[in-house]
Amino acid sequence: MTTLTKHQVINQFKNKFSEIMNIPTIKNVSLFHEEDIADIIKLGYKIETSHNVYYISLRYMKLSEQLLLPFTPIWSFKQMNNNGSFPKGYDSLEECLSELKEIEYESKIS
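Residue 110 is where the sequence shown ends in UniProt numbering, and the numbering goes up by one at each step.
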């Protein structure tokens, strides 16, 4: 696997902001960073809508403060709402966004 700098990864995520903001129910998108176990970090998006907060991220092994190694190609999708947290795994960002749209659509009609 190829190593990436943290700056490269952050730029890759920022390049998708406009695509994500095109989803009508989204109010805000920001970068998400969480230290996981040992040298594993999660980088991705915190997406806020009027009903929920979603975290969509990838895991990386931290080789140094600025050098990262992709840990797994599985995207983590976590929905946070009043009922708790619901994590799932997907093969692509597009699948995560599709799930988000479906959840938001269902919350509108209920």
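Every residue, glycine too, gets a C-beta built ideally from N, C-alpha and C.
Pairwise C-beta distances place the stretch 52-72 in contact with the stretch 29-43, as three or more of them are shorter than 8 Å.
A buried status is given to Leu97, since no fewer than 16 other beta-carbon atoms sit within 10 Å of its beta-carbon.
The distance from the Cβ of Ser50 to that of Thr25 is about 7 Å, consistent with a contact at the 8 Å cut-off.
Ser85 and Tyr55 have their alpha carbons spaced roughly 10 Å apart. Per DSSP, reduced to three states, the secondary structure at Ile41 is strand. Nearest Cα to Ile47 within the set Met80, Pro70, Ile74, Glu106: Met80.
Shown here for Glu106: not one same chain residue has a beta carbon closer than 8 Å to its own, the five before and five after excluded.
It is roughly 17 Å from the alpha-carbon of Glu95 to the alpha-carbon of Val53. Annotated as proximal: Leu68 and Val9, with beta-carbon spacing under 9 Å.
Boundaries of the alpha helix (DSSP H) around Gln8: 6-14.
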